[in-house]
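So the sequence shown is numbered by the working numbering: it starts at 27 and just counts up by one.
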Amino acid sequence: MVKFLLQRLLVSILVVWGSLTLVFFLLHILPGDAARMIGGETLSQERVDHLQKQFGLDRPIGEQYMSYITGIASGDLGSSFVDNQPVVEKLMVHFPSTLALTFASGLIAILIGVVFGVLSAIYQNSWFDYIFRFFSLFSVSMPTFWIGILLILIFSVHLKWFPAIGNGSIEQLVLPSVCLGVAGSGLLARMIRNSMLEVMNEQFVLALRAKGISEKMVVYQHVLRNALLPSITIIGILVGELLAGAVVTETVFSRQGIGRVVVDAINQKDIPMIQGAILIAAIMYIVVNLLVDLSYSYIDPRIRRAPVNKS
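Structure below.
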């Protein structure tokens with residue numbers, strides 16, 4: 027287990043480094059002058075040159091990259107091009123909002139996905155199964171912003187149950203969490219449904235039924251447990267979807283989270299803010315996937331690494 031953990035940590039570090047390197051060079055080769063975009067099109071060339079020197083954009087790209095990597099290693103993500111505030115401080119102000127949204131929407135996605143997937147498998151080819159298939163197709167294919175607008179029209183404009191915008195209260199978290207959770211639940215539900223149908227046709231399930239064990243006990247004590255194990259791996263993918271969807275969701279519901287910061291930073295080509303936000307998202311994604319791998323290897327003993335015999 028220790029060797030497996032060390033291998034996963036090494037892979038995680040390499041993935042984060044690769045992601046940051048790719049983003050760094052993409053941001054620097056994209057068209058558009060960051061100094062002119064921040065200062066305005068009417069800014070004089072002398073002032074543009076001054077801003078480029080201030081931001082360090084006049085240095086060779088290799089020197090900028092090494093400065094960026096060494097800064098990350100020391101915990102310094104630089105300062106925003108827009109207001110010269112430390113990137114770490116600005117991100118930490120918005121990080122709790124995004125974390126709360128990701129956590130709440132993840133719980134909703136798991137709840138909907140498990141319930142719908144299990145019931146759809148149990149009542150295969152029934153009216154509920156057909157409704158589930160429609161819901162699954164709807165949640166996977168519909169854009170997140172469209173689901174958000176629909177929720178605002180129904181629950182905020184017409185029913186007036188929840189506020190449409192803002193953050194800071196539980197009521198303001200409900201609609202964006204449901205929006206993001208519904209969008210991410212379809213994939214998980216389909217995975218659970220397919221896993222349950224596959225397990226229900228296994229030989230040990232047929233043997234349990236032949237012994238006279240009740241269908242309820244067979245499904246909930248044997249089939250469900252074995253079907254949920256493969257579905258654990260989908261949680262890592264789900265977190266990636268939620269983080270990506272948070273950018274759109276926070277914009278639709280005017281939440282001041284990291285997703286909204288990324289959108290503003292892209293519009294202003296605030297390179298340090300973009301890089302810092304992507305670093306936070308990459309670390310969250312890697313940590314969740316690492317925990318998923320560890321939990322899966324612990325729950326399912328079949329994939330635990332066997333000791334190597336030395337001759």
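All C-beta atoms, glycine included, are put in the ideal place defined by N, C-alpha and C.
Quick caveat: nothing in here was measured; it's all calculated off a predicted structure.
For the alpha helix (DSSP H) that contains residue i, what are its first and last residues?
i	result
residue 277	260-278
residue 120	113-148
residue 198	196-226
residue 155	153-167
residue 231	229-236
residue 84	Unbroken run through residue 84: none, as it is neither H nor E.
residue 171	170-177
residue 255	250-257
residue 281	Where residue 281 is concerned, there is no enclosing alpha helix (DSSP H), given that its DSSP letter is neither H nor E.
Report the CB separation of residue i from residue j in whole angstroms; it is logged as a contact under 8 angstroms.
i	j	result
residue 216	residue 167	That pair is no contact at about 12 angstroms.
residue 214	residue 264	6 angstroms
residue 143	residue 222	7 angstroms
residue 291	residue 199	24 angstroms between Cβ atoms; not a contact.
residue 201	residue 177	5 angstroms
residue 191	residue 280	4 angstroms
To the nearest angstrom, report how far apart residue i and residue j are at their CA atoms.
i	j	result
residue 112	residue 83	17 angstroms
residue 104	residue 297	10 angstroms
residue 234	residue 252	14 angstroms
residue 288	residue 48	17 angstroms
residue 52	residue 139	36 angstroms
residue 119	residue 303	12 angstroms
residue 312	residue 237	45 angstroms
residue 54	residue 306	20 angstroms
residue 43	residue 34	14 angstroms
residue 211	residue 254	15 angstroms
residue 300	residue 159	38 angstroms
residue 101	residue 36	19 angstroms
residue 109	residue 77	12 angstroms
residue 197	residue 267	23 angstroms
residue 239	residue 259	30 angstroms
residue 95	residue 229	54 angstroms
residue 276	residue 269	11 angstroms
To which residues of the same chain is residue i closer than 7 angstroms at the C-beta, ignoring the five residues directly before and after it?
i	result
residue 209	165, 170, 173, 271
residue 282	120, 123, 193
residue 248	231, 234
residue 204	134, 177
residue 189	182, 197, 198
Cutting at 6 angstroms between CB atoms, please list the residues of its own chain near residue i, excluding the five before and the five after it.
i	result
residue 261	318
residue 207	131, 134, 135
residue 45	308
residue 256	221
Once you ignore the five residues that flank residue i on each side, which residues in its own chain have a CB closer than 8 angstroms to its CB?
i	result
residue 149	155
residue 175	278
residue 31	320
Are any of the Cβ atoms in chain C nearer than 8 angstroms to that of residue i?
i	result
residue 238	Here chain C cannot be found, since the structure has a single protein chain.
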